[in-house]
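Quick notes on the structure that follows.
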Amino acid sequence: MAPVTAESVSSESVAAESGASESGAPESAASESVAPLERGLAVLRAICASPDDAVRPGDLVRETGLARSTVDRVLSTLTRLDFLRSDGRAFSLAPRAMQFGDAYLAVCGLSEVLEPLAVRLADELDESVSVAVPDGDGVRFVIQIPRRRTMTLSFRVGDLLPAERCAPGALFAAQWSAEQRARWSRRLVGSGPPRMFFPLPPAPDGPTPQEVESAFDERANAAAKEGWALDDQLIEPGLIAIAVPVLDRADGRVVAAVSVVSHSSRHSADSLREHALGRLRETAARMQEALTGSRLQTEPHRASGSGPGPRVASSAPAPIDEPKRDLGPHYLRSLARGLAVLVALGSKRGGMTLSAVADVTGLPRATARRALITLREQGYVDCLDPEGRLFAPLPSVLELGYARLCGRTVEDLVRPHLLELSRQVHESASVAVLRGSEISYVARVATSRIMQAAITVGTRFPAYATSMGRVLLAGLPEAEREARIAATDLRALTRFTVTDPVVLAETLRRVAADGYALVDQELEEGLRSMAAPVRDHRGRVVAAVNVSMHAGRVEADHAREVILPALTATAARISADLAAMGDRLDVAAA
Ligand code: PHB
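Anchor point for the sequence shown: position 580 equals 579 in numbering that gives the first Met the number 0, and the numbering is continuous, going up by one each time.
And the structure:
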């Protein structure tokens, strides 16, 4: 690794940044790292490693060894930055935490360049395909094209497997340095630093570390010789995989491995090799070509050539705002700034200089520099050039919430919002999507007794007679909206149901203009319901959120005056979360 010294990073002295920490005490002169940033990362890691989605501060105190007051300040800062959410007692990751992993994925660019080829291979073989990169003595997934038919463990983008338990690990190990190998051996005997591996079932016959070591050496040697590696149920019974390396053509380095994953009910290890190896090799060759063409920066230590590399087009991160008003004693400004630096590193391929980081974040150079030093010490950032001038995020950044958030369903995402809405208005709240001419419930929080038993996730109703259906239909392009109405049998479900297509079309135009729908007893007598559209990152209406109430209890005017503002605010919050998830969450398929 290129050394990062005060000289290589900045000519400014450390003293240039005033040395008082948030507690008012002077920072230790011995360390240039930023303690609140270190602590913030420790808390984030502990939340991500927890088996529960929501974690209480007391558990974080136990997991991190930090003082309760420190944990509280970190949580308050991360919540304020919208990386965490709290229900008042426990804390969970917010979609915005995807920005950390996005910084790595945007800069490494592998998903963008290799995913179409991985999708094609999965289609050709009709099996799951994944792409992983080396991450220390682990294997980190950056692409997953799942096609699992059998109940097996499924890994998400961002998950980390121990090298010895999967196919790509044997390919990566073939290029480990002596130091990397020694670190791996130390981990096997339990004396290395802890890493956040995906929690795998224990290996079936409980081999000793020595047995694991010799078996893995053998597999790594064979992988180096043959150019492929097998995983014959190393993870769990039934799960088999074959992987080939994707090389950097310039220097022969293994930058990634592409795997085909199957199950013993369809293939033996040998038949999977026969079935998949040829196409897998062709795909790896195409991937190498695509990488050469795109001149991606996939690993530290590669001179980036003359230019600064292409700008990352798609997902330039939103800057982390620093509220200017009184931030209060619980706000750890240097934690917020350090995380802003990490996110900012995703804004340019080919690595960023200290000056560029200071420019993008608007931070003083000395502040940005100390954040970079800390992030590098923590293993999240490294230098791409031997001079130590170009900084880029490392795959381990994906452990800061990316995999966890990738695993969330639409229901997981909307449920806290529905709970809050229902708490505010004391009525039931739901989210639904459009399926043909029907709505299908994706999530529901019920408080009232009306229809409570009848509606569950997956329940369907005719779109034309429901408030959610109307905002969903109203969100369609005019021609499609008309086609769906024409294809629907508009039956009177109550004496109030609008069944005239002309009246319905006019109603939908008004819904589109108003931005909400109020439906009064058209689906069921006594039921009044109000809905607002939920949009994705492209601005398309992909879902609807509603509040349903008893018509006798809640007047339509009250609904408009009191419930509508809470409803539209909820729709906006859900839309913002969907925007943060981007293409990673397919709402229509929920
Ligand atoms: C996977 O992508 O799920 C996978 C890949 C390689 C393995 C096992 C699982 O060895």
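Even glycine gets a Cβ: it sits at the ideal position worked out from N, Cα and C.
| query | result |
| --- | --- |
| Let me know if THR487 comes out buried or exposed under the rule of 16 or more other beta-carbons within 10 Å of its beta-carbon. | buried |
| Considering only residues of the same chain and omitting the five flanking positions on each side of MET286, which have a CB-CB separation below 7 angstroms? | LEU113, LEU116, VAL245, VAL257 |
| Do TRP227 and ALA242 come within 8 angstroms of each other at the CB atom, strictly closer than that value? | yes |
| Please tell me whether, using a cut-off of 7 angstroms, the distance from the CB of SER129 to the nearest non-hydrogen atom of the ligand PHB is below it. | yes |
| Reducing DSSP to helix, strand and coil, say where CYS382 ends up. | strand |
| With a threshold of 6 angstroms on Cβ separation, who are the neighbours of ALA289 within its own chain once the five nearest residues in sequence on each side are excluded? | VAL112 |
| Ordered along the chain, which non-local residues of its own chain (more than five positions away) have a Cβ less than 7 angstroms from that of ASP230? | CYS165, ALA166, ILE239, ALA240 |
| Where does the unbroken alpha helix (DSSP H) through GLU376 begin, and where does it stop? | 364 to 376 |
| Quick check: is the beta carbon of ASP71 nearer than 8 angstroms to any beta carbon in chain D? | Judged by its chain identifiers, the structure shown contains no chain D, having just a single protein chain. |
| Quick one: is LYS224 buried, meaning 16 or more other Cβ sit within 10 Å of its Cβ, or exposed? | exposed |
| Can you give the Cα-Cα distance for LYS347 and ARG388, rounded to whole angstroms? | 14 angstroms |
| Just to confirm, is the Cβ distance from ASP134 to SER427 under 8 angstroms? | no |
| Can you check which of these residues, LEU362, ARG72, LEU331, is closest to VAL340 by C-alpha distance? | LEU362 |
| Would you grab the beta carbon distance between ALA431 and SER439 for me? Rounded to a whole angstrom, and I think it's under 8 angstroms. | 6 angstroms |
| Check whether the segment 536 to 555 and the segment 463 to 480 touch, using three or more Cβ-Cβ pairs below 8 angstroms as the test. | yes |
| Taking ALA464 and LEU492 to be in contact with their CB atoms under 8 angstroms, please state how far apart those CB atoms are, rounded to whole angstroms. | 5 angstroms |
| Just to confirm before moving on: does the CB-CB distance between ALA504 and GLY157 stay below 8 angstroms? | no |
| Quick check on the burial criterion: 16 or more other C-beta atoms within 10 angstroms. Buried or exposed for ASN545? | buried |
| For GLU123, collect the residues of the same chain with a Cβ closer than 7 angstroms to its Cβ; drop the 5 residues on either side in sequence, then sort them by chain order. | ARG278 |
| Roughly how many whole angstroms lie between the Cα atoms of PRO145 and VAL128? | 6 angstroms |
| Work out the CA separation of PRO50 and PRO180 for me, nearest whole Å. | Looking at the sequence itself, residue 180 is Arg, so the reference to Pro does not match. Their Cα atoms are separated by approximately 30 angstroms. |
| Does DSSP put SER574 in a helix, in a strand, or in coil? | helix |
| How close, in whole Å, do the beta carbons of ARG369 and VAL33 come, if the pair is a contact with beta carbons under 8 angstroms? | 5 angstroms |
| Considering only residues of the same chain and omitting the five flanking positions on each side of ALA169, which have a CB-CB separation below 6 angstroms? | ARG218, ALA219, ALA222, ALA228 |
| Measuring straight from C-alpha to C-alpha, what distance separates ALA412 and GLN174? | Looking at the sequence itself, residue 412 is Leu, so the reference to Ala does not match. Taking the straight line from one Cα to the other gives about 40 angstroms. |
| Can you give the Cα-Cα distance for THR408 and GLU273, rounded to whole angstroms? | 36 angstroms |
| Starting from ARG419, follow the alpha helix (DSSP H) in both directions and report where the run begins and ends. | The amino acid occupying residue 419 in the given sequence is Glu; Arg does not appear at that position. 409 to 424 is the extent of the alpha helix (DSSP H) around GLU419. |
| Determine the closest residue to ALA530 out of LEU331, SER75, LEU584, ALA462, with distance taken between C-alpha atoms. | ALA462 |
| Quick check: the Cα distance between ARG559 and THR455, rounded to an integer number of angstroms? | 26 angstroms |
| Just to confirm the assignment, what range does the alpha helix (DSSP H) spanning LEU338 have? | 332 to 343 |
| Since ASN220 sits in a beta bridge, which residues does DSSP pair it with? | ASN220 is not bridged to any residue. |
| In its own chain, which residues sit with a C-beta less than 6 angstroms from the C-beta of ILE400, not counting the 5 before and 5 after it? | The displayed chain sequence assigns Gly, not Ile, to residue 400. Cβ neighbours of GLY400 beyond the five flanking positions: CYS47, LEU92, ALA96. |
| Which first and last residues belong to the alpha helix (DSSP H) in which SER547 is found? | Per DSSP, SER547 belongs to no alpha helix (DSSP H); it is in the beta strand (DSSP E), 540 to 549. |
| How many Å lie between SER263 and ARG509 at the Cα? | 56 angstroms |
| Does the ligand PHB have even one heavy atom less than 7 angstroms from the beta-carbon of CYS47? | no |
| Quick one: Cα of ALA391 to Cα of VAL441, how far? | 39 angstroms |
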